[in-house]
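**Q** Note that the sequence shown covers residues 23 to 334 in our numbering. Beta carbons: idealized from backbone N, C-alpha and C, even for Gly. Since the model is a prediction, treat every value here as computed from it, not as a measurement. Structure provided below as structure tokens; questions to follow.
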Amino acid sequence: MSSDRPRSGAGESAPPTADAGADVDGTGPPTTAAVRDRLDRVTDPELDTSIVELEYVEEIRIDPAGGADGADDADRAADAGTEVFVAFTLPTAWCSPAFAWMMATDAREAVESLPSVARARIELRDHMHEREITRGVNERLPFEEAFPDADGGVEAVRLELDRKARTARQHDATGALLEAGVTRDQLAGLTRADLEFADAPEGRVRVWVRDGAVGVEADAEPVERYLEKAEATGLLDDDRPELFRTPEEEPFDGDEVALVRKRTRLAGVNMGGQGTVCDALNDARHAEDRPPLSAREGAPVPPGDDERADAD
């Protein structure tokens, strides 16, 4: 434990972010490792798990010469000069087009956040809506334009999934803090300003309790992950200061911590169950002895000249 909390706004410090594999000055082409690192930050919104970890990413191709189509892209390519191509598949051909769209757009934005990338092209493969999604994402169309018959856009779906992920991540974050010695009453009353990352040891977060008189150090990773979704859902922007909430986003007291943790654990269990099913489907889809996924894939290869001669 630490004492004597710094009063220079340390509690407002942001969690550190890694940039593994990227060029230091951003002037050279990105490496495959840098692209994969950015893609590792993209999650399947239903499972809240990285698309890299789920092995959805099939191909990464880097073209240092760039590949601009329009005037804006041409200007950007002149400055950065690199185009990156990413292809991915999902566990089934009928996975939700809204979920697939979110992953494709998030992948494009993640790769294009690399300083030396002019443009990212994303291709969804082996999906019933692969053409609409690939075209729409690369042409930067709204989801509603790519799918005019869809009942609403993707933002409401994304928010609902982010709320579920926030609930599941809260269980891991509160568990790390309780294990570090934060009491239940202290946990229920924590605010964002009570967390300090910048001046804590690497990989740790310092949590200030007892009116800022005592600092408790805990594993930073689950807390950082929780903050990411808490911010995405607007939880930290409302008029209530409490950092942790019920699944309905209401504050709770110390004597309710056990019940709230049980409910947040169930959210994670549900996601884990879905993930197990998707893992099995993904393994089956990529098995060497699987049947063809389409008529095109299962069509016989035309014989070569030698084979035709033998047949004659």
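Thinking R226 and E239 are a contact (beta carbons under 8 Å), I'd like their distance in whole angstroms, please.
**A** 5 Å
**Q** Taking just the CA atoms, how far does Q208 sit from R63?
**A** 31 Å
**Q** Using a Cβ-Cβ cutoff of less than 7 Å, which residues in the same chain neighbour R206 once the five nearest sequence positions on both sides are dropped?
**A** G276, V279
**Q** Let me check one thing: in DSSP terms, what residues is R143 bridge-paired to?
**A** F107
**Q** Would you check if the stretch 113-132 and the stretch 151-165 touch, i.e. whether three or more CB-CB distances between them fall below 8 Å?
**A** With the cut-off at 8 Å, the stretch 151-165 and the stretch 113-132 touch.
**Q** Under a three-way DSSP split, which group does D221 fall into?
**A** coil
**Q** For T71, which residues does DSSP report across the bridge?
**A** D66
**Q** Beta-carbon within less than 6 Å of L222's beta-carbon, same chain only, minus the 5 sequence neighbours each way: which residues are those?
**A** The residue asked about is misnamed: residue 222 is Ala in this sequence, not Leu. Only R228 meet the Cβ criterion.
**Q** Cα separation between T196 and A202?
**A** Looking at the two C-alpha atoms, the distance is approximately 10 Å.
**Q** Helix, strand or coil for A202 per DSSP?
**A** helix
**Q** Roughly how many angstroms separate the alpha carbons of A254 and A178, rounded to a whole number?
**A** When rounded, the distance between both Cα atoms is 12 Å.
**Q** By alpha-carbon positions, which one of F107, R188, E264 ends up nearest to L217?
**A** E264
**Q** Can you list, in chain order, the residues of its chain with a C-beta nearer than 8 Å to that of V46? Leave out the 5 residues immediately preceding and following it.
**A** Confidence at V46 is low in this model, with a pLDDT of 40, below 50, so its placement is unreliable and the value that follows should be read with caution. Cβ within range, chain order: n/a, list empty.
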